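**Q** So in numbering that gives the first Met the number 0, spot 96 of the sequence shown is number 95, and the numbers just go up one at a time.
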Amino acid sequence: MERRYPLRNKIVVVPLGEIDYILINRLASRLVSHFNIGVDILQGAKLPREAYNDQRGQYYSTVILSKLEILKSSPGEKMLGVVDEDLYIPTRNFIFGEADPVGKTAVISLFRIKRENYEMLDEEKVLFSRTLKESIHQLGHLWGFANCRNPKCVMYVPENITDVDRKGTKFCDNCLRRVRVWKL
Ligand SMILES: [Zn+2]
Numbered sequence: 000m001e002r003r004y005p006l007r008n009k010i011v012v013v014p015l016g017e018i019d020y021i022l023i024n025r026l027a028s029r030l031v032s033h034f035n036i037g038v039d040i041l042q043g044a045k046l047p048r049e050a051y052n053d054q055r056g057q058y059y060s061t062v063i064l065s066k067l068e069i070l071k072s073s074p075g076e077k078m079l080g081v082v083d084e085d086l087y088i089p090t091r092n093f094i095f096g097e098a099d100p101v102g103k104t105a106v107i108s109l110f111r112i113k114r115e116n117y118e119m120l121d122e123e124k125v126l127f128s129r130t131l132k133e134s135i136h137q138l139g140h141l142w143g144f145a146n147c148r149n150p151k152c153v154m155y156v157p158e159n160i161t162d163v164d165r166k167g168t169k170f171c172d173n174c175l176r177r178v179r180v181w182k183l
């Protein structure tokens, strides 16, 4: 009998609006090796206008998540939206990303990671590294990983860009112990 592995589903990367396709392609191929899963890229999606908050000048990420859910073509798909705009939720000034483990949708913003703290750093390398970490973090929630207190763990919640640069791309041992499905 064929066993069904939860990880054998698919990630769909959805650039929302104008996003550098080289970055998106590079991200998609790294996600394939990191999660050992197929990754598609869905082109042509637009940022939902109704997610924009005029007063804040930011997009409400939870609204974007619900739009991503509509774009799913099968329940096994895990959607990862990538936006260039600044994201918020009502309780925070800004967020790097958000995930909905029930709807299996996630979104990350390049806004902060593109614009902060490049002094003495290789801009392209740092931008990709930050994008990858925040993508893995939000997708991790879709596999049941919780936020983690270990500053080196990818599931650590960054308060600022320095926190993002300090952490790695891997799940720490504590996180891996808690999410047994990961080791199937
Ligand atoms: Zn951890």
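Where is the CB? At the ideal position from N, CA and C, for every residue including glycine. These numbers come from a predicted model, not from an experiment.
Which class does Asn149 belong to by DSSP, given the choice of helix, strand or coil?
**A** Three-state result, Asn149: coil.
**Q** Considering only the alpha carbon of each residue, which of Ile40, Asn35 and Val31 lies closest to Ile23?
**A** Checking every option, the nearest Cα to that of Ile23 belongs to Ile40.
**Q** Given the structure, does Asn35 come close to ligand 1, in the sense that its CB is under 7 Å from one of the ligand's heavy atoms?
**A** No, ligand 1 has no heavy atom inside 7 Å of this Cβ.
**Q** Among residues of its own chain, excluding the 5 on either side of Tyr58, which ones have a beta-carbon nearer than 6 Å to its beta-carbon?
**A** Cβ within range, chain order: Ala50, Tyr51, Glu84 and Leu86.
**Q** Identify the continuous alpha helix (DSSP H) that holds Ala50 and give its terminal residues.
**A** Ala50 -> no alpha helix (DSSP H), and no H or E assigned at all.
**Q** Applying the criterion that 16 or more other CB atoms from any shown protein chain within 10 Å of the CB defines a buried residue, is Gln42 buried or exposed?
**A** Burial call: exposed.
**Q** Would you kindly check if the distance between the Cβ of Val156 and the Cβ of Asn149 is under 8 Å?
**A** It is not a contact, given that the beta carbons lie outside the stated cut-off.
**Q** Go through the residues and name those whose CB comes closer than 6 Å to any heavy atom of ligand 2, in chain order.
**A** The model on display carries ligand 1 but not ligand 2.
**Q** Output the boundary residues of the beta strand (DSSP E) element that contains Glu101.
**A** It is Val, not Glu, that sits at residue 101 in the sequence shown. Looking at the DSSP string, Val101 is not in any beta strand (DSSP E), and its letter there is neither H nor E.
**Q** Please state if the CB of Leu67 and the CB of Val13 are separated by a distance shorter than 8 Å.
**A** Yes, these two residues count as a Cβ contact at 8 Å.
**Q** May I ask which residues mark the beginning and end of the beta strand (DSSP E) holding Leu15?
**A** Where Leu15 is concerned, the enclosing beta strand (DSSP E) stretches over Lys9 to Leu15.
**Q** Does DSSP put Leu46 in a helix, a strand or coil?
**A** Leu46: coil per DSSP, three-state reduction.
**Q** Can you tell me the Cβ-Cβ gap for Thr168 and Lys132, rounded? I've got them flagged as a contact below 8 Å.
**A** Confirmed, Cβ separation roughly 6 Å.
**Q** Please confirm whether Val106 and Gly16 have their CB atoms less than 8 Å apart.
**A** Taking 8 Å as the Cβ cut-off, Val106 and Gly16 do not qualify as a contacting pair.
**Q** For Arg177, which three-state DSSP category applies?
**A** Arg177 falls in the helix class under three-state DSSP.
**Q** In whole angstroms, what separates the C-alpha of Leu138 from that of Val178?
**A** About 13 Å.
**Q** The alpha helix (DSSP H) spanning Asp162 covers which residue range?
**A** Asp162 -> alpha helix (DSSP H) spans Ile160 to Arg165.
**Q** Taking Cβ positions, are Leu70 and Ile10 nearer each other than 8 Å?
**A** No, they are not a contact pair.
**Q** Quick one: what does DSSP say Glu76 is sitting in, helix, strand or coil?
**A** In the structure shown, Glu76 sits in a strand (DSSP, three-state: E or B).
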